[in-house]
């Protein structure tokens with residue numbers, strides 16, 4: 003049993019599949035708070051019933067968050083305690099709750115994180131790419147045109163890229179990744195994390211596309227796509243370009259120096275930026 007702080011908002015991570023991933027601390031919090039705000043009360047009630055938790059539920063989703071948040075926050079202000087959960091994983095990671103948290107901070111309410119499952123972090127941990135620096139893009143645009151435009155902006159991103167994708171869009175999304183990033187970019191498809199049919203498959207983007215296309219059932223489930231960041235060859239930077247860059251760097255920020263040097267020399271600003279990071283003399 004934990005000691006609940008009055009007037010506190012607990013941000014509680016819930017399982018992304020395997021129910022035993024709900025920590026003992028999270029179970030105690032959900033059992034002891036005055037009420038729980040859930041993305042889908044019907045979905046969350048199944049989870050709570052499994053653990054014998056009878057705490058009252060309030061719905062809080064993208065369509066009612068701005069309307070309901072003031073009422074819920076007033077209850078916190080009056081001394082009640084509340085837990086925020088999403089349908090699965092850590093709240094606010096591609097889930098509702100941002101408006102509520104911002105308003106809670108504005109009211110100087112006590113906000114407490116109860117860590118636990120996250121599809122983002124779990125996928126990174128099994129992908130085998132650099133996780134020291136990464137970019138989380140959540141769900142890409144649903145329409146191919148907008149999705150490709152977004153991917154073009156990420157083409158030269160050197161950090162590991164992480165995307166969420168729904169089953170009805172996974173095939174088209176991978177197709178666009180191949181078109182924009184090229185067939186040979188390394189990537190990992192992580193499917194149904196912590197569930198019975200959990201799959202971690204690493205290959206080139208074209209290899210993932212072929213694997214997914216080979217059997218229709220492979221396109222079912224919840225997906226995380228982890229893509230290796232763009233790889234740059236520092237040999238592409240000749241001595242003249244290097245000198246120009248470092249002269250600019252003496253007077254400008256790294257980002258501005260890379261941008262201006264790129265305009266002068268024609269070398270990609272991302273290549274110059276990565277060159278500086280690799281040189282450890284930023």
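Numbering (this note's numbering), first residue to last: 3 to 284.
Glycine included, every Cβ here is placed at the ideal spot set by N, Cα and C.
ask   = Can you list the alpha helix (DSSP H) stretches of 4 or more residues lying completely in the segment 140-188, in chain order?
value = Counting only runs of 4 or more residues that sit fully inside the segment 140-188, the alpha helix (DSSP H) segments are 146-155, 172-183, in chain order.
task = Using a threshold of 8 Å, state whether the C-beta atoms of residue 178 and residue 204 are closer than that.
result = Here residue 178 refers to the residue found at position 176 when the chain shown is read from its first residue. Here residue 204 refers to the residue found at position 202 when the chain shown is read from its first residue. Not in contact: residue 178 and residue 204 (Cβ atoms no closer than 8 Å).
ask   = Where are the alpha helix (DSSP H) runs, 4 residues long or more, that stay fully inside the segment 36-95, in chain order?
value = Within the segment 36-95, the complete alpha helix (DSSP H) runs of at least 4 residues are 43-52, 67-79.
ask   = What residue from 114, 162, 17 has the CA that sits closest to residue 126's CA?
value = Along the chain shown, read from residue 1 onward, the residue named residue 126 stands at position 124. It is 162.
task = Report the partner residues of residue 134 according to the DSSP bridge assignment.
result = Within the chain shown, the letter at position 132 stands for residue 134. Under DSSP, residue 134 takes part in no beta bridge, so it has no partner.
query = Per DSSP, which one or two residues make a beta bridge with residue 10?
reply = To locate residue 10, count along the chain shown from 1; it is residue 8. According to DSSP, residue 10 shares a beta bridge with 112.
inquiry  = Tell me the DSSP secondary structure of residue 24 in three-state form.
reply    = Working through the chain shown from its first residue, we reach residue 24 at position 22. Three-state DSSP puts residue 24 in coil, outside helix and strand.
message = Taking the beta carbon of residue 193 as the centre, do at least 16 other beta carbons fall within 10 Å, making it buried, or is it exposed?
response = Residue 193 sits at position 191 when you count from the first residue of the chain shown. Its Cβ being crowded by 16 or more others within 10 Å, residue 193 is buried.
query = Can you list, in chain order, the residues of its chain whose CB lies under 7 Å from that of residue 87, leaving out five sequence neighbours each side?
reply = Residue 87 sits at position 85 when you count from the first residue of the chain shown. Hits under 7 Å: 14, 16, 38, 40, 46, 93.
ask   = Would you call the CB atoms of residue 137 and residue 180 closer than 8 Å?
value = Counting from 1 along the chain shown, the entry for residue 137 is found at position 135. Counting from 1 along the chain shown, the entry for residue 180 is found at position 178. In this structure, residue 180 does not lie closer than 8 Å to residue 137 by Cβ.
Cβ neighbour criterion (16 or more within 10 Å) applied to residue 190 = Position 188 of the chain shown, counting from 1, holds the residue named residue 190. Buried, because 16 or more other Cβ atoms sit within 10 Å of the Cβ of residue 190.
task = Assign residue 85 to buried or exposed, taking buried as 16 or more other Cβ atoms, counted over all protein chains shown, within 10 Å of its Cβ.
result = Here residue 85 is taken as the residue at index 83 of the chain shown, counted from 1. Per the 10 Å Cβ criterion, buried.
task = Can you tell me the Cβ-Cβ gap for residue 160 and residue 185, rounded? I've got them flagged as a contact below 8 Å.
result = Locating residue 160 in the chain shown gives position 158, where the first residue counts as 1. Locating residue 185 in the chain shown gives position 183, where the first residue counts as 1. Contact doesn't hold; Cβ gap of about 19 Å is too wide.
query = Helix, strand or coil: how does DSSP classify residue 280 here?
reply = The count along the chain shown starts at 1 and reaches residue 280 at position 278. Here residue 280 sits in helix by DSSP.
message = What residue range does the beta strand (DSSP E) around residue 97 cover?
response = In the chain shown, counting from the first residue as 1, residue 97 sits at position 95. Careful: residue 97 lies outside any beta strand (DSSP E) and carries neither H nor E.
task = Just the C-alpha distance for residue 75 and residue 29, rounded to the nearest angstrom, thanks.
result = As a first step, residue 75 is located in the chain shown; it is residue number 73 there, counting from the start. As a first step, residue 29 is located in the chain shown; it is residue number 27 there, counting from the start. In a straight line, the C-alpha of residue 75 is about 22 Å away from that of residue 29.
request  = Could you tell me whether any non-hydrogen atom of the ligand GDP is closer than 7 Å to the CB of residue 226?
outcome  = No copy of the ligand GDP appears in this structure; indeed no ligand is present at all.
task = Give the single residue among 110, 262, 267 whose Cα lies nearest to the Cα of residue 250.
result = Walking along the chain shown from the start, residue 250 turns up at place 248. Nearest neighbour of residue 250 by Cα position, chosen from 110, 262, 267, turns out to be 262.
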